[in-house]
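Visitor: Handing you a structure now.
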Amino acid sequence: DLAAFATLVLGLRCALTVRTFSHTTDEPAHIGAAVAFYDSGRSIYMVEHPPLQRWVIGLPLVLSGVHLPEARGQHTIASRIEANAAGEAVLFHSRLPYWSVLIRARLANLIFPIIALVYVYFLGRWLVSPACGAMAVVFFSFDPTLLAHAALAGTDVAAAAGFLVAAYHGLRFVAAPSWKHTLVCGAGLGLALSCKFTCLFVVVALAVLVVLRAAMAYVRFDEDGRSKSRWQNAKRKVPPLGRTAAVAVIAFVILWATYRFEFGPISDQRMFSTERGWMKIPESVKNLDIPMPSLVVGNLYIAALGQFGFKTYFNGHIGLRGGLMYFPEAIGLKTPVGALLAFGAAGVVWASWRRRSLRSLALLLPAFLLLLLSMTGKLQIGIRHVLPVLPFLYLFAAVQLSRPRLRVLLAALAMMAGIETAAAHPDYLAYFNFAAGGPQNGSKYLADSNLDWGQDIARLADYLHSPPAAGRSYTLAVSGARLESLFSELGLDPSARLSATHPPAGLFAISSDVRTGIAMARQLPDGSIEPGPDFSWLAGFPRVARIGESIEVYDLGDSPRGMDGRPIRVAARHRDADNPAMPATERP
Numbered sequence: 213d214l215a216a217f218a219t220l221v222l223g224l225r226c227a228l229t230v231r232t233f234s235h236t237t238d239e240p241a242h243i244g245a246a247v248a249f250y251d252s253g254r255s256i257y258m259v260e261h262p263p264l265q266r267w268v269i270g271l272p273l274v275l276s277g278v279h280l281p282e283a284r285g286q287h288t289i290a291s292r293i294e295a296n297a298a299g300e301a302v303l304f305h306s307r308l309p310y311w312s313v314l315i316r317a318r319l320a321n322l323i324f325p326i327i328a329l330v331y332v333y334f335l336g337r338w339l340v341s342p343a344c345g346a347m348a349v350v351f352f353s354f355d356p357t358l359l360a361h362a363a364l365a366g367t368d369v370a371a372a373a374g375f376l377v378a379a380y381h382g383l384r385f386v387a388a389p390s391w392k393h394t395l396v397c398g399a400g401l402g403l404a405l406s407c408k409f410t411c412l413f414v415v416v417a418l419a420v421l422v423v424l425r426a427a428m429a430y431v432r433f434d435e436d437g438r439s440k441s442r443w444q445n446a447k448r449k450v451p452p453l454g455r456t457a458a459v460a461v462i463a464f465v466i467l468w469a470t471y472r473f474e475f476g477p478i479s480d481q482r483m484f485s486t487e488r489g490w491m492k493i494p495e496s497v498k499n500l501d502i503p504m505p506s507l508v509v510g511n512l513y514i515a516a517l518g519q520f521g522f523k524t525y526f527n528g529h530i531g532l533r534g535g536l537m538y539f540p541e542a543i544g545l546k547t548p549v550g551a552l553l554a555f556g557a558a559g560v561v562w563a564s565w566r567r568r569s570l571r572s573l574a575l576l577l578p579a580f581l582l583l584l585l586s587m588t589g590k591l592q593i594g595i596r597h598v599l600p601v602l603p604f605l606y607l608f609a610a611v612q613l614s615r616p617r618l619r620v621l622l623a624a625l626a627m628m629a630g631i632e633t634a635a636a637h638p639d640y641l642a643y644f645n646f647a648a649g650g651p652q653n654g655s656k657y658l659a660d661s662n663l664d665w666g667q668d669i670a671r672l673a674d675y676l677h678s679p680p681a682a683g684r685s686y687t688l689a690v691s692g693a694r695l696e697s698l699f700s701e702l703g704l705d706p707s708a709r710l711s712a713t714h715p716p717a718g719l720f721a722i723s724s725d726v727r728t729g730i731a732m733a734r735q736l737p738d739g740s741i742e743p744g745p746d747f748s749w750l751a752g753f754p755r756v757a758r759i760g761e762s763i764e765v766y767d768l769g770d771s772p773r774g775m776d777g778r779p780i781r782v783a784a785r786h787r788d789a790d791n792p793a794m795p796a797t798e799r800p
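Next up, the structure:
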């Protein structure tokens, strides 16, 4: 009952935010890809993500009459730019209004956090007791990263749900490889992989666990009174090869089914053309018909991202890689202090316990492997990429602290985390714990989807339309996707966006990513990153409003300002619409 109540409360908290925030940077592409998946019958947009989430968020839209006519009959895998354009068409030019499309997709996506909490309970109940599972659910339901992304039309919570499903059924199979567990494990793994490709790391973790179980059985073997050998004793801990193969076959068929049994060559795509890695693949291989070609192309794209990286902001530095400690620090800053204390206490208890079993190690292995991969990779643009790690940490804390003498401590720390998270409502995405100084100090450490993902533009529009801002001239320096269409939808002037022809003047709304320099940063020919303009001069002007936790509004007066805040007379140049350069100026 406690776990069910916590799940219901999470669903209500998330449902209350779906109309609060305008679309985030990735949502248009995900929504466009979902509708196109139904209209084309294939995965053609955003193929770096598998299709289960497309099935879920696209269904209420197509049932409501939302379609993407240009996707009908299309089979060629499109570029990311085309995916963004498709999302814009669905959001702003479909049968339903903007907010109706966005809310339907977001509400449908709530199935994934519910599944995640259900499987947290299943794992806790199976490993220890129903009470342990219930406490893990309550604790995890307070996590601000889960609350933030549960209410968005993205794949991050789907990844966490898939990780939990694969881990639970995989552990049950390893512990007792019956044919029942074989079938369920194969189906669960196939669906998990269709949530996110990173769920494959659960398989690696299970393989390591099997080796450890066999090694422990070999070492602990006692020959007295037994006829079998050490090797036979160890072999008993290894699932039969036939059933392991059956798991793989079932997972493949289920995964392929979610791709609608797609079949074709990987050459039928517009994501790669002259890239060196793509050119090295023989033409005979590219033109070979295979199952799920979009899966292969998507993973090639992920590999390319892993090689070249994204712009990353970490502790005031902008580069193509944050650093080895990016994700551990993000977890430390964006997790409630009560939860951090619980993780630490659980670690102390586990380290000091004389009879340590494999159950805690089984929980930590999948999370550790994903965290290690993320720490050493270049895709360091938000804690959301390690969201699947978090439920295993909460489970670990619940398993260790559910001992009779520690249950009060577990309950107290969970309550502490719950109070701290509740105080942040509804701004869970921009949450930083009180030890970090809250969201106001978040930009000292992290940016991008940790703080500013374009979510507060609708609230900014409400402010600019209300007294005393109504009627004032304004300039908009905010990050996000498809901003011109969004501004028009919200009744804002698209030409008011910061550019060479519209330097800052009047009310100046600036988002965190623009102010830190990452939104306008660009990569130079030598591979280095040139940060965006320095807006530190804004400290000399009055801040008249704070919009959510990601946008601030300053009153600059009537004179346009240059990069140093001094009045300017002429704006001279412009870089591009999506990443405008600040104007060169002539001083009076």
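Just add 212 to the spot in the sequence shown (first one is 1) and you have the numbering used here.
Don't be surprised by glycine CBs; every beta carbon is placed ideally from N, CA and C.
#1: Determine the contact status of L750 and R734, defining contact as a CB-CB distance below 9 Å.
#2: Quick one: Cα of I326 to Cα of A370, how far?
#3: When you compare the CB positions of G703 and G666, do they come within less than 9 Å of one another, or not?
#4: Starting from T367, trace the alpha helix (DSSP H) both ways and give me its first and last residue.
#5: Under the three-state reduction of DSSP, which class applies to T229: helix, strand or coil?
#6: Which residues in the same chain have their Cβ closer than 8 Å to the Cβ of R482, if we skip the five residues on either side of it in sequence?
#7: Which term fits K392, buried or exposed, when burial requires 16 or more other beta carbons within 10 angstroms of its beta carbon?
#8: Rounded to the nearest angstrom, how far is the Cβ of G206 from that of V377, given a contact under 8 Å?
#9: Threshold first: 3 residues or longer. Then list the beta strand (DSSP E) segments lying entirely within the stretch 523-569, N to C.
#10: Just confirm the distance between the C-beta atoms of T357 and L602, as a whole number of angstroms; I'd bet it's less than 8 Å.
#11: Alpha carbon to alpha carbon, how far is G223 from F539?
#12: Relative to the C-alpha of A477, which residue among G739, I759, I256 is closest?
#13: Could you tell me the alpha carbon to alpha carbon distance between V414 and A379, rounded to whole angstroms?
#14: Report back the beta-carbon spacing between P651 and T232 to the nearest angstrom; my notes put them in contact at under 8 Å.
#15: Pick from F604, K590, L710: whose alpha carbon is nearest that of P578?
#16: Quick one: is the Cβ of R266 within less than 8 Å of any heavy atom of the ligand GDP?
#17: Taking the alpha-carbon positions, what's the A682 to P716 distance?
#18: Nearest by alpha-carbon distance to S479: which of I462, D501, G398, A458 is it?
#19: Relative to the C-alpha of A563, which candidate in F522, Q612, A429, E632 has its C-alpha closest?
#20: Between F385, A623, C411, which has its C-alpha nearest G374's C-alpha?
#21: Who are the Cβ neighbours of T367 in its own chain at under 8 Å, not counting the five residues just before and after it?
#22: Measuring CA to CA, which of S771, A387, G402, Y471 is closest to P452?
#23: Helix, strand or coil: how does DSSP classify E701 here?
#24: In three-state DSSP terms, what is R307?
#25: Which residues does DSSP pair with I741 in a beta bridge?
#26: Once the 5 residues before and after S723 are set aside, which same chain residues still bring their CB inside 6 Å of it?
#27: Taking only the alpha-carbon atoms, compute the straight-line gap between G760 and S252 and give it to the nearest angstrom.
#28: Could you tell me which residues DSSP puts in a beta bridge with Q481?
#29: What does the Cβ neighbour count give for S614, buried or exposed, with the cut at 16 atoms within 10 Å?
#30: Applying the criterion that 16 or more other CB atoms from any shown protein chain within 10 Å of the CB defines a buried residue, is I631 buried or exposed?
#31: What residues are listed by DSSP as bridge partners for P389?
Guide: So, from the data block:
#1: No; because the gap between Cβ atoms is not below 9 Å, this pair is not in contact.
#2: 10 Å
#3: Not in contact: G703 and G666 (Cβ atoms no closer than 9 Å).
#4: Counting along the chain, T367 falls outside any alpha helix (DSSP H), and DSSP gives it neither H nor E.
#5: coil
#6: T288, I289, A290, S291, E294
#7: exposed
#8: Because the chain in this structure spans residues 213 to 800, residue 206 falls outside the shown range and cannot be described.
#9: 524-526, 529-531
#10: Going by Cβ atoms, the distance from T357 to L602 rounds to 6 Å, so yes, they are a contact pair.
#11: 27 Å
#12: In the sequence under discussion, the amino acid at residue 477 is Pro, which differs from the Ala named in the question. It is I256.
#13: 6 Å
#14: Actually they do not touch by this definition, with Cβ atoms about 15 Å apart.
#15: F604
#16: As presented, the structure is devoid of all ligands, the ligand GDP included, so that no description of it is given.
#17: Roughly 17 Å separates the two Cα atoms.
#18: D501
#19: Q612
#20: C411
#21: H242, H261, Q265, C407, K408
#22: A387
#23: helix
#24: coil
#25: Bridge partners of I741: Q735.
#26: D664, V690, S691, S762, I763
#27: Our two residues, G760 and S252, have alpha carbons roughly 38 Å apart in a direct line.
#28: I289
#29: buried
#30: exposed
#31: Paired residue(s): none; P389 is not in a bridge.
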